[in-house]
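Count along the sequence shown from 1, add 299, and you get the number used in this note's numbering. Even for Gly, the Cβ is constructed at its ideal location relative to N, Cα and C.
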Amino acid sequence: MIAYTLRRLLFMIPTLLGIMIVNFVIVQAAPGGPVQVTIARFKGHGGEATARVGGSAGGETGGGQATAAPPASGEARYRGARGIDPDLIRQLEKQYGFDRPATERFLLMMGNYLRFDFGQSFFRDQRVVDLIIQKLPVSISLGLWTTLLIYLISIPLGVAKAVRDGSTFDVWTSAVVIVGYAIPGFLFAIMLIVLFAGGSFLAWFPLRGLVSDTWTALSWAARITDYLWHLVLPVTALVIGGFASLTMLTKNSFLEEINKQYVITARSKGLSKRRVLYGHVFRNAMLLVVAGFPAAFIGILFTGALLIEVIFSLDGLGLLGFEAAINRDYPIMFGTLYVYTLIGLVLNLISDLTYAAIDPRIDFARRDR
Numbered sequence: 300m301i302a303y304t305l306r307r308l309l310f311m312i313p314t315l316l317g318i319m320i321v322n323f324v325i326v327q328a329a330p331g332g333p334v335q336v337t338i339a340r341f342k343g344h345g346g347e348a349t350a351r352v353g354g355s356a357g358g359e360t361g362g363g364q365a366t367a368a369p370p371a372s373g374e375a376r377y378r379g380a381r382g383i384d385p386d387l388i389r390q391l392e393k394q395y396g397f398d399r400p401a402t403e404r405f406l407l408m409m410g411n412y413l414r415f416d417f418g419q420s421f422f423r424d425q426r427v428v429d430l431i432i433q434k435l436p437v438s439i440s441l442g443l444w445t446t447l448l449i450y451l452i453s454i455p456l457g458v459a460k461a462v463r464d465g466s467t468f469d470v471w472t473s474a475v476v477i478v479g480y481a482i483p484g485f486l487f488a489i490m491l492i493v494l495f496a497g498g499s500f501l502a503w504f505p506l507r508g509l510v511s512d513t514w515t516a517l518s519w520a521a522r523i524t525d526y527l528w529h530l531v532l533p534v535t536a537l538v539i540g541g542f543a544s545l546t547m548l549t550k551n552s553f554l555e556e557i558n559k560q561y562v563i564t565a566r567s568k569g570l571s572k573r574r575v576l577y578g579h580v581f582r583n584a585m586l587l588v589v590a591g592f593p594a595a596f597i598g599i600l601f602t603g604a605l606l607i608e609v610i611f612s613l614d615g616l617g618l619l620g621f622e623a624a625i626n627r628d629y630p631i632m633f634g635t636l637y638v639y640t641l642i643g644l645v646l647n648l649i650s651d652l653t654y655a656a657i658d659p660r661i662d663f664a665r666r667d668r
């Protein structure tokens, strides 16, 4: 198992590199960029924007953190640059790191990323690593609460559906599961805002943020209550949109085990149905469900949670990455991508190791031979 773990850790390097290369090429081919964004701001703010060049508007790139190259030289390479001093454009290119070839900038960026040096944000005047450290707890908090609640709901519901397979209870709960599976979590989020966050009906819950503005002045009990109060709507939206697949996985796992020979043998020995279910079936059926916890967390953190953060203005990595994409803040875009990819690869490894820990019969090392 140690050899398998080491091989997986080594395979993370080319995987991470490949993901970064693909996204680098996509961003490079996409129209727009920080220089264009700054030029547009010049057009809108005149001399005030010009005075910010080289200052707090972008800062130094921290060693070539920019990740897109302008297609040509001179004023014609940027849409809307007519009337802008070419020297100013060259100054912007140097400021954002576009005065270097794309290959050199990518290699320099990856070298810095190995040291977790993500450079300086173009438009926030902060180090990217500091921004990620500030925002990551929000995303992890949202993902963990959602994953825990999904498991607490899906496992009992899946077991109940398996035991009552074909009954009225199974049919009606299947209809609820289908609705939850078919409608994305962000649509539920919008509906919850309309119904319970002052949209058109009730105003029971806050519309944005993870805590209130007066959170630091509250007592510890009030802080916990305020935190949970803000989590109700975003977590509910994620749970409704995410419990369906795990419920059906649990049901199918139990149905498969219930129909196996050892269950028939246990019942023929006179064991009660409850003892057979929880003494024999439960451990075997829950192998796939429990071991998939890291993978479920990855799915929630990387997909639905990103949109939920944007909808509820939760100051996490999802909202940070969304704003960075809008503003073409490439250091933040690639810094968050790097962190998300690294977390995903590590959690996938933990998921595989969890399988082996729960069931000693699984041996990944022997399978690879």
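Collapsing the DSSP output to three states places A543 in a helix. Annotation for N558: no alpha helix (DSSP H) segment contains it, and DSSP assigns it neither H nor E. Proximity of the segment 451-460 to the segment 491-498 falls short of the contact definition, fewer than three beta-carbon pairs being nearer than 8 Å. By the Cβ criterion, the segment 567-579 is not in contact with the segment 497-515, since fewer than three pairs of Cβ atoms, one from each stretch, lie closer than 8 Å. The DSSP-derived three-state label of Q419 is strand.
F487 is a Cβ neighbour of I539, given a cutoff of 8 Å.
According to the DSSP assignment, L606 belongs to the alpha helix (DSSP H) that extends over 604-610. The segment 518-527 makes no contact with the segment 631-641: fewer than 3 CB pairs, one atom from each, lie closer than 8 Å. By the criterion of a C-beta distance shorter than 7 Å, V531 is surrounded in its chain by F504, once the five residues flanking it on both sides are discounted.
Here G643 is buried, its C-beta having at least 16 other C-beta atoms within 10 Å. Between V534 and P436, the alpha-carbon positions lie close to 15 Å from each other. Counting along the chain, Q433 sits inside the alpha helix (DSSP H) bounded by residues 427-462.
Each residue's CA atom was taken as its position, placing L441 and A604 some 7 Å apart.
Under DSSP, the beta-bridge partners assigned to A496 are A502. In the DSSP assignment, P313 falls within the alpha helix (DSSP H) that extends over 301-328. The shortest CA-to-CA distance from V562 to any of S544, V645, N583, K550 is the one to N583.
Per DSSP, the unbroken alpha helix (DSSP H) holding G617 starts and ends at 616-626. Within the same chain, Cβ atoms closer than 6 Å to the Cβ of L618 are found at E608, V609, the five residues on either side in sequence being excluded. Between T446 and I599, the gap from beta carbon to beta carbon is short of 8 Å. Contact between L616 and N322 does not hold, since their C-beta atoms are separated by about 16 Å, which reaches or exceeds 8 Å. DSSP places I477 in the uninterrupted alpha helix (DSSP H) bounded by 467-481. Within the same chain, Cβ atoms closer than 8 Å to the Cβ of V580 are found at F553, E556, I557, V562, the five residues on either side in sequence being excluded. Only residues of its own chain outside the window of five on either side were considered, and among them A543, S544 have a CB closer than 7 Å to the CB of Y480, listed in chain order. No residue range can be given for G569, since it is assigned to no alpha helix (DSSP H) and is classified by DSSP as neither H nor E. Between A401 and the set V326, T640, R463, the nearest pair of CA atoms involves V326. Per DSSP, R404 is one residue of the alpha helix (DSSP H) stretching across 401-413. Sequence-distant partners of M311 (beyond 5 residues in either direction) whose C-beta falls short of 7 Å from its own C-beta, in its chain, are L644. Assigned with DSSP and collapsed to three states, G508 falls in coil, not helix or strand.
In the structure shown, the three-state DSSP call for L652 is helix. At a Cβ-Cβ threshold of 8 Å, A536 and G484 count as neighbours.
Residues V510, W514 of the same chain have their beta carbon placed closer than 8 Å to that of R522, with the five preceding and five following residues left out of the count. T549 sits away from P593, with the two beta carbons spaced by 8 Å or more. Around I489, the same chain offers I610 as residues with beta carbons nearer than 8 Å, after the five sequence neighbours per side are excluded. By the CB criterion at 8 Å, M547 and V470 fall outside the cutoff.
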